[in-house]
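Visitor: Residues in the sequence shown are numbered consecutively from 107, following our numbering.
I am attaching a structure below and will ask some questions about it afterwards.
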Amino acid sequence: MADPTGFMKHQRADARKRPTEDRLADWREVYAGLEPSTRDGQVREQATRCMDCGVPFCHSGSAGCPLGNLIPEWNDLVRRGDWGLASDRLHATNNFPEFTGKLCPAPCESACVLAISPESGGAVAIKRVEEAIAAVSWERDLVQPRVSTVSSGQKVAVVGSGPAGLAAAQQLTRAGHEVTVFERDDRLGGLLRYGIPEFKMEKKVLDRRLVQLRAEGTKFVTGCEVGGSGRGDLSVEDLRAGYEAVVLAVGALRGRDATDVPGRALSGVHLAMDHLVPSNRECEGDGPTPISAAGKHVIIIGGGDTGADCYGTATRQGALSVTQLDQYPRPPRQRDDERSPWPVWPWILRTYPAHEEAGERKFAVAVEGFVDDGAGNVRAVRLREVRVSRDPSTGRREVVPVNSQVEELPADLVLLAIGFEGVEHMPLLDGLGISLSPKGNLSCGADWQTSAPGVFVCGDAHRGASLVVWAIAEGRSVANAVDAFLTGASELPAPVHPT
Ligand code: SF4
107 MADPTGFMKH QRADARKRPT EDRLADWREV YAGLEPSTRD GQVREQATRC MDCGVPFCHS
167 GSAGCPLGNL IPEWNDLVRR GDWGLASDRL HATNNFPEFT GKLCPAPCES ACVLAISPES
227 GGAVAIKRVE EAIAAVSWER DLVQPRVSTV SSGQKVAVVG SGPAGLAAAQ QLTRAGHEVT
287 VFERDDRLGG LLRYGIPEFK MEKKVLDRRL VQLRAEGTKF VTGCEVGGSG RGDLSVEDLR
347 AGYEAVVLAV GALRGRDATD VPGRALSGVH LAMDHLVPSN RECEGDGPTP ISAAGKHVII
407 IGGGDTGADC YGTATRQGAL SVTQLDQYPR PPRQRDDERS PWPVWPWILR TYPAHEEAGE
467 RKFAVAVEGF VDDGAGNVRA VRLREVRVSR DPSTGRREVV PVNSQVEELP ADLVLLAIGF
527 EGVEHMPLLD GLGISLSPKG NLSCGADWQT SAPGVFVCGD AHRGASLVVW AIAEGRSVAN
587 AVDAFLTGAS ELPAPVHPT
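As structure tokens, then:
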């Protein structure tokens with residue numbers, strides 16, 4: 107039984123970050139982690155703040171955890187110091203809690219009833235408790251391979267090794283299918299490997315989980331473009347002949363560009379991923395990135411997660427200055443109306459650790475053009491102050507200048523982090539006869555099956571660029587659908603359904 111007054115006895119306390127000067131001197135994770143002796147007391151105190159609500163909004167629903175994580179249950183187990191059972195209950199709904207504990211923006215916390223009132227001291231620090239359970243699980247060797255005792259004799263190909271593909275592969279392997287994950291890159295992990303910087307999640311965290319998947323029997327093939335015709339690739343014919351079912355977990359990596367902005371073609375203006383991927387490769391030991399921010403004035407266009415990843419990366423590379431631009435006005439740091447009974451996230455200003463380290467953010471501005479230095483390189487960015495509104499007749503978003511003043515910011519490197527437009531074009535889709543939806547994603551029916559029989563889709567490829575927790579939830583759900591397709595019925599969990 108939870109302590110219903112725990113939140114009145116203990117203040118919310120977030121995880122401690124390493125000192126800024128230490129963070130900027132290396133690529134290691136921003137958060138310091140806790141010694142086991144201190145962690146036990148501190149995290150148990152945080153878990154004690156959970157009231158074990160009769161209807162826990164944190165646990166599921168449109169605003170809570172898509173995985174249906176049993177949050178009040180494991181909060182109470184941590185409160186009682188039963189870390190082993192807490193680990194069991196956390197892994198019952200989440201294949202990779204160490205990923206979500208480090209990377210998820212925690213919709214569960216915004217849905218927590220304690221987020222409603224300022225008097226309550228804020229939401230339960232669910233993400234911190236989750237990460238601590240995951241850390242204890244690894245320290246105490248509680249994460250062991252779960253090798254299936256049955257074999258279906260059916261083969262499944264998973265294309266893509268990001269969080270959705272890995273979750274689908276693990277679930278299907280554990281259900282007794284013979285699963286092979288194909289990855290076109292030279293290393294496994296998709297965005298977890300080459301999109302997310304080391305300072306948010308060190309790659310060793312990914313690597314140790316891959317060891318578990320391999321030990322369970324999942325096979326991996328890297329450097330293989332499915333549908334490609336190069337050496338080491340797998341043709342669509344061989345894919346179809348060799349596998350009873352196919353899961354497409356290919357992500358949604360087509361970056362939104364700014365082709366209509368004058369000067370876009372100048373040297374030094376890049377899509378965010380063109381900066382992040384080689385920077386992550388450099389951290390993996392692949393040699394210096396060709397797009398370093400060292401010694402440069404860096405402008406990042408776009409105020410979201412990817413922009414913040416570029417921000418922290420540029421700072422660590424030794425940028426002269428870093429400025430992040432957002433079309434939207436600076437949100438308040440706290441609710442405007444203290445009497446409002448409604449949760450304030452995400453309408454309050456979201457500050458990423460990278461923003462505390464250096465640089466500045468500008469709000470309510472839009473780029474009017476990139477300025478040439480006379481030799482084809484960008485030397486500045488022209489900005490206007492703007493207001494974002496909706497056209498009442500069409501509902502379309504409009505960005506309207508509020509005055510005629512134009513500001514010019516020096517820039518040697520400009521990074522466009524203005525979102526993703528869907529799945530990249532790849533021969534595999536043509537070969538399978540699958541076309542993209544008007545939104546640029548892959549559509550499916552209620553059973554996650556695309557228009558090609560036996561071919562399923564999950565994760566960003568289906569949903570569009572989204573959170574790691576949604577990728578894992580869709581991976582688990584597609585596994586249920588594939589298992590049912592192959593065997594007639596499935597007992598695997600399906601936490602979410604295609605929309
Ligand atoms: Fe605990 Fe908050 Fe979930 Fe309620 S909503 S069960 S207080 S974490």
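We put the CB at the ideal spot given by N, CA and C, even for glycine.
Taking 7 Å as the line, does the beta carbon of Met307 fall inside it for any heavy atom of the ligand SF4?
Guide: no
Visitor: Closer than 6 Å by C-beta to Lys261: which residues in its own chain qualify, once you throw out the five before and the five after it? Chain order, please.
Guide: Contacts found: Glu284, Tyr349, Glu350.
Visitor: Is Asp292 near the ligand SF4, going by C-beta to nearest heavy atom under 7 Å?
Guide: Taking 7 Å as the cut-off, one finds no heavy atom of the ligand SF4 near enough to the beta carbon of Asp292.
Visitor: Would you identify the three-state DSSP class for Ala119, choosing helix, strand or coil?
Guide: Correct three-state label for Ala119: coil.
Visitor: To the nearest angstrom, report how far apart Phe476 and Asp518 are at their CA atoms.
Guide: In a straight line, the C-alpha of Phe476 is about 10 Å away from that of Asp518.
Visitor: Go to Thr126, then tell me how far its alpha helix (DSSP H) extends in each direction, as first and last residue.
Guide: 126 to 130
Visitor: Nearest CA to the CA of Cys218: which residue from Ala321, Ala169, Asp291?
Guide: Ala169
Visitor: Considering only the beta carbon of each residue, do Ala192 and Ile239 sit closer than 8 Å?
Guide: Against a cut-off of 8 Å, the Cβ pair of Ile239 and Ala192 comes out as a contact.
Visitor: In three-state terms, what does DSSP make of Ile524?
Guide: coil
Visitor: Measure the CB-CB distance between Arg299 and Lys309 and report whether it falls below 8 Å.
Guide: One thing to note: Arg299 has its Cβ within 8 Å of the Cβ of Lys309.
Visitor: Please list, in chain order, all residues of the same chain as Arg293 whose beta carbon is under 6 Å from its beta carbon, the five residues on each side excluded.
Guide: Cβ neighbours of Arg293 beyond the five flanking positions: Arg299.
Visitor: With distances taken Cα to Cα, identify the nearest neighbour of Gly268 among Pro599, Gly334, Ser596, Ser572.
Guide: Ser572
Visitor: Give the straight-line distance between the Cα atoms of Pro447 and Phe163, rounded to the nearest whole angstrom.
Guide: Any reading at Pro447 needs caution, since the residue's pLDDT is 44, under 50, leaving its predicted position unreliable; the model's value is listed next. When rounded, the distance between both Cα atoms is 15 Å.
Visitor: Would you decide whether Pro142 is buried or exposed? Buried here means 16 or more other CB atoms lie within 10 Å of its CB.
Guide: Flag for Pro142 reads exposed.
Visitor: Just to check my reading of the structure: Val471 and Thr206 have Cβ atoms closer than 8 Å, yes? What is that Cβ distance to the nearest angstrom?
Guide: In fact, because the Cβ distance is near 33 Å, the residues do not count as touching under 8 Å.
Visitor: Give me the DSSP bridge partner(s) of Ala472.
Guide: Arg490
Visitor: Once DSSP output is grouped into helix, strand and coil, what is the label at Thr286?
Guide: strand
Visitor: Tell me the rounded alpha-carbon separation between Gln555 and Glu127.
Guide: 50 Å
Visitor: As a quick exercise: from Thr324, Leu248, Asn547, pick the residue whose alpha carbon is nearest that of Arg195.
Guide: Selected option, being the one with the closest Cα: Leu248.
Visitor: Less than 7 Å separating the Cβ of Cys210 from some heavy atom of the ligand SF4?
Guide: Not one heavy atom of the ligand SF4 falls within 7 Å of the beta-carbon of Cys210.
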